[in-house]
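Read through the structure below, which is laid out as structure tokens, and then see the notes.
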Amino acid sequence: MFCRTKVSTLTVRSRESLFAISVMLTGRPPPSALAAEVPDTNPAELEIWLREVCRGVIDEAIVAGTLDRRLALVRRVDDGGWWAADLCGWPHATRSWPSWIEKRLAIHNPNAWWSPVTIAAEGLHRLTGPRVLLVALYHPEFFPLPRFPLAISDLARAVRATLMGRVTLMDMQLGVTLDDVIGAVRHHPPDILGISATFGQHDLMIRVLDAVEALSSQPLVLAGGSLTARNERFLIDRYPFLIVARGAGERTMQDAVLHWHGDLTLAQIHGIGYQKREVHCGEPLRIGSYRHNASLRNGRLNDILPELDLLDQTFTYHGVAQLETSRGCTNYCSFCPRGHKGTWSGADSSALPWILREIRNVFDRHPDLSRTIYLVDEEFIGREANAIERALAVAQTLHSEGFQWETSCRIDQVVRCDRDRAWHVARAKLWRELVRRGLHRCLFGVESGVTSILRRFQKETIGEQNALAIRTLSALGVPTRFTYITFDHLMSPTELRQTFEFQGRCDLLLHDLVELSVEEIVDGVHDPEFVARHAVGQPLYSSISYPLVSMECLMGAAYTKRVEAAGLARGLDPSMGRVIAEFADWRIGRCSHHAQLWIDRNFALDYTLKSMEKFLDGQLQTAIRSARLVIRTAAFQVLGYMVRLLDQHPMEDPDRLAFDGRLLIMLDAQLIALRDAMSVAMPELDAVLPEPAQQILRREHARWQAPRRWGLINAADPCGT
Ligand code: B12
Ligand code: SF4
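Numbering (our numbering), first residue to last: -7 to 713.
Now the structure itself:
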């Protein structure tokens, strides 16, 4: 469990405190125009606001600390004395002050929230330095709608918690271009530059690092994120000045700030990989061998909450709110390297109310948006002894703050072959209750319905278990999304055929059986008559987010090692942090390649629909789902054709051109059919969609319709978020 400081449970009362400061210093409340717009989520803007409100009375303002416990320091013009305000309105003595303040900052009246303070020159230096720039890279052309950038927002909170430095955030999802990022690095080089990159952003990372390399002196540069962790060695070899965060970055960034101030050596910064810097008397700095420092386990992090500087902008760009209530996973699937995300640790529900209220305040400025929070937990429930109680408490907290929420979970939180009926009844009750407490949708990484494939994936599940779980969830009325890896490098034609059959099964999705007890459902899902009576009659693929997805051989994954051992590896693809590999059966490899062409051809349109599904509610959401079903049905037809083609073209026949030719003809024909189907579905959707969703969708639909050659864009989304 993430341990918590008491501070997180305090009520955030910045606004009242700021107004009180204004009254105490100027004798009046802030002018109404300023009072209406208090930029409380952004410390830099808050400093400007304070200077404006107290113009003539103060000549300096510093806002430090995290959103739930901001500290404002102002210098009076009359006597040059500093005053410190705890913006929560709590006595200064109740703050967990970092140890660096000793002898550098002395609060005169620690039992008050507003007190004179003596700040030594070194104290001022620490409060205002280093200047930290955190950048999130992004290709908006691949993923048109943004998500709240949790990674850099979490790092910002971690740095601010030290009361040191000034943090600025730049997110390329939110109108910032690569030129803006490079311009900021060149023209206002920060003291510490933190770059966050996930899959598909390697090209952007290289361009930023090239620009940094060209500077006459480099800032302290750290890079992190899912992609960076995969490409660590490659990046460090190419950019010896670079420090790579190998896991959660909160402690790493805090240590980096201490390093910048000379309190820690490089070897003491948690969770990094780097080239050792060797200093020999009288010689220039030399870069030596690769080193890495131990990471902090997830359970030892203080918290995993973000600052909200960029939330308002995320909403302005029609993006969605994201949060985590746990980190890491309970399993070790062979295709999912765990080094970076780590093992499961959950946050206590008591850590959430204040941040949910702050998020709600930002939502209030965007009344048209659906009040949904996306919990990007890899596994929402976990396996702690109190897992059920914790999950219910988190759900209740979200629900009572007025949110519905979505998340991800393993299927073995629903059905387990090694558990008895009582366990399943308790779980069924849990799922029903979670829905009642605002669970809007949950993603399950089914990944396959074929047991031999699941074994290879080390999913620790079997096909029948998945089938039972899908039935149970649908009968309980849990809105689900399933991810499914359709092609994998080591699969046989029989497994591909079984995959096709599983995805086409109509005995898995049942009606929402509200009228039945959880016991009746738990028993019923095993009974063919019950299933036949309650089946919706829709194939499973209608619930699979991306049916034609192929295995990604991520660097460092156990599955990738098996592929390498089979002699199928063909080099690295740093853009996706993966190993490029052949398929054991070349025909399945060609099918996978053409399936990817199909996905990429339709990706932007489907991703736009998916993102809209997130911020719209009710009937509109249903209309969007119908349009997405049209796309999924076409994908399933593509898969069916591929399976039939395998029967017609033996593996021993080496004519790949002929095989590819037939696949391409099929794709062309399917695309024409899909265009026709979408030209019926789109006007129906267009008629009900509000602005600006309508405009966005029209634009994407027009782009999608425009003729284009089949090509890859390196974009897919089977992590299914
Ligand atoms: C949102 C998301 C996406 C979005 C990303 C877009 C966006 N705008 O954010 C989309 C939907 C596009 C996506 C796609 C994919 N995703 Co994804 N995604 C996620 C998800 C659910 C949340 C990411 C997040 O915000 N995490 C929370 C933040 C706080 O964690 P973080 O980003 O890792 O940041 C921390 C550290 O990495 C580090 N850090 C990050 N940046 C920096 C920078 C510095 C300077 C420092 C010091 C530290 C640091 O500190 C942060 C705080 O601790 C994660 C699951 C997860 N919980 O992480 C999967 C996840 C990252 N995705 C995953 C995968 C595999 C993919 C795909 C490759 C799937 C595929 N096969 O196609 C695709 C890539 C597609 C493509 N072409 O790009 C996997 C990675 C597997 C692994 N073990 O590494 C994850 C972990 C899910 C999973 N368990 O399977 N994804
Ligand atoms: S794929 Fe999902 S279930 Fe498997 S280890 Fe990764 S996060 Fe956990």
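Cβ atoms here follow ideal geometry from the backbone N, Cα and C, with glycine treated the same way. Fair warning: this is a prediction, and the values are worked out from it, not measured in the lab.
Item                                                                                                                : Value
Nonlocal neighbours in the same chain, by C-beta distance under 8 Å from THR322, ignoring five residues either side : THR335, TRP336, GLU371, GLY374, ARG375, ARG402
Between the CA atoms of ARG123 and ASN34 - distance to the nearest angstrom                                         : 15 Å
Cβ-based neighbour list, ALA459, same chain, cut-off 7 Å, excluding 5 preceding and 5 following                     : GLY441, LEU500
LEU426 burial status per 10 Å Cβ neighbour count (16 or more: buried)                                               : buried
Which of helix, strand or coil DSSP assigns to MET776                                                               : As shown, the chain starts at -7 and ends at 713. That puts residue 776 outside it, with no answer to give.
Proximity test, PHE135 beta-carbon vs ligand 1 heavy atom, cut-off 6 Å                                              : yes
With 16 other Cβ atoms within 10 Å as the buried cut-off, status of CYS711                                          : Here CYS711 scores only 47 on pLDDT, less than 50, and its place in the model should not be relied on; the value that follows carries that caveat. Classification of CYS711: buried, given that the 10 Å Cβ count is 16 or more.
Where TYR476 sits in the DSSP three-state scheme                                                                    : strand
Candidates GLN490, ILE572, SER535, ALA461: closest to HIS518 by CA position                                         : ALA461
GLY437 beta carbon near ligand 2 (any heavy atom closer than 6 Å)                                                   : yes
Rounded straight-line distance, which links the Cα of VAL45 to that of ALA626                                       : 60 Å
For GLY186, the residue or residues it bridges with in DSSP                                                         : LEU126, LEU214
Reduced DSSP category for LYS421 - H, G, I as helix; E, B as strand; rest coil                                      : helix
PRO329 CB to nearest heavy atom of ligand 1 below 6 Å                                                               : yes
Cβ-heavy atom distance, LYS95 to ligand 1, below 6 Å                                                                : no
Check: ARG497 C-beta below 6 Å from any heavy atom of ligand 3                                                      : Ligand 3 is absent from the structure shown, which contains only ligand 1 and ligand 2.
For LEU540, the nearest candidate out of ILE580, ALA248, CYS325 (CA to CA)                                          : ILE580
Pair within 7 Å by beta-carbon distance, PRO329 and GLY548                                                          : yes
Environment of PHE436 [buried if 16+ CB atoms lie within 10 Å]                                                      : buried
Residues bridged to ILE99 [DSSP beta-bridge criterion]                                                              : VAL109
Beta-carbon spacing of ILE13, ALA113 below 7 Å                                                                      : no
Cross-strand partners of VAL714 (DSSP beta bridge)                                                                  : Any question about residue 714 goes unanswered here, given that the chain covers just -7 to 713.
Segment contact flag, the stretch 154 to 166 with the stretch 304 to 320, C-beta cutoff 8 Å, min 3 pairs            : yes
CA-to-CA distance, THR244 to GLN260, given in whole angstroms                                                       : 10 Å
Residues that DSSP places opposite HIS284 in a beta bridge                                                          : GLY265
Beta-carbon spacing of TYR551, SER326 below 7 Å                                                                     : yes
Beta-carbon proximity of PHE492 to SER584, cut-off 7 Å                                                              : no
Span separating the alpha-carbon of GLN246 from that of ALA150                                                      : 6 Å
ARG525 versus GLY516, LEU532, TYR533, HIS253, residue with shortest Cα-Cα distance                                  : GLY516
Contacting residues, own chain, Cβ-Cβ under 8 Å from ALA698 (five flanking each side not counted)                   : none
Extent of the continuous beta strand (DSSP E) run through MET162                                                    : 158 to 163
Helix, strand or coil at TRP702 [DSSP, three-state]                                                                 : coil
Coarse secondary structure for ALA694, derived from DSSP in three states                                            : helix
Rounded separation between LEU747 and PHE135 - CA only                                                              : In the structure displayed, the chain extends from -7 to 713; residue 747 sits before or after that span and is not available.
Boundaries of the alpha helix (DSSP H) in which GLU456 is found, first to last residue                              : 455 to 467
Simplified DSSP state of PHE395, which is helix, strand or coil                                                     : coil
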